[in-house]
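My numbering puts the first residue of the sequence shown at 25, with every later residue one more than the last. Note that beta-carbon positions come from the ideal geometry of N, C-alpha and C, so glycine has one too. On a predicted model such as this, the values are computed, not experimentally measured, just so you know.
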Amino acid sequence: MKRLSSLKRKQDRLIGMAHPQEARTAEPERMLGLAMRRGAMGRCPNCGEARLFTGYLKVKDHCPNCGEAFHHHRADDGPAYVTILIVSHIAVAVMLSVYTIYRPSSEVMIAIFLGGSLVASLILLPIIKGAFVGLQWAKRMHGFGQGGEDRPNEP
25 MKRLSSLKRK QDRLIGMAHP QEARTAEPER MLGLAMRRGA MGRCPNCGEA
75 RLFTGYLKVK DHCPNCGEAF HHHRADDGPA YVTILIVSHI AVAVMLSVYT
125 IYRPSSEVMI AIFLGGSLVA SLILLPIIKG AFVGLQWAKR MHGFGQGGED
175 RPNEP
């Protein structure tokens with residue numbers, strides 16, 4: 025047992041010597057689930073207090089409460105793809121069930137499921153985009169870590 029603990033101490037010292045920069049600049053772990061949940065609720069992933077969006081999908085440049093910068097996020101098309109994936113899977117399952125049970129006309133099916141898919145997509149899109157921003161913040165992606173900037177300001 026003593027031998028294991030002394031080996032562990034030696035290993036820690038060697039790792040510290042091999043990577044002194046890593047040892048000094050280690051940042052605290054950010055909780056992924058909490059950050060994504062806060063983002064999905066439309067709140068700042070860091071403090072959870074201030075609103076994340078200025079409009080329907082426009083992310084604020086920074087949090088007015090804690091000052092965390094959001095201008096370098098890169099959610100891009102990811103939230104739209106995930107929204108389409110979720111809505112289409114649910115719509116197809118419900119569509120098949122409704123058709124086999126009730127046998128409505130094609131016009132009724134198109135009207136109901138087109139409107140339902142549109143409403144579901146509009147509801148889910150800001151939720152999923154907020155979760156994407158929370159994921160990027162928690163994983164320190166795209167400039168969220170160590171104050172790095174990897175995206176130029178847009179004109």
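For H86: DSSP bridge partner residues: According to DSSP, which records beta bridges pairwise, H86 is partnered with A93.
Straight-line Cα distance separating I134 from C24: No answer is possible for residue 24: the residues shown for the chain start at 25 and end at 179.
Beta-bridge pairing of R75 - partner residues as DSSP gives them: The partner list for R75 (beta bridge, DSSP) reads R67.
Classification of Q160 by the beta-carbon crowding that lies within 10 angstroms, buried from 16 upward: So Q160 counts as buried.
Endpoints, alpha helix (DSSP H) assigned at K153: S130 to A162
Below-9 Å beta-carbon distance, L146 vs any chain B residue: No chain B is present in this structure, which holds just one protein chain.
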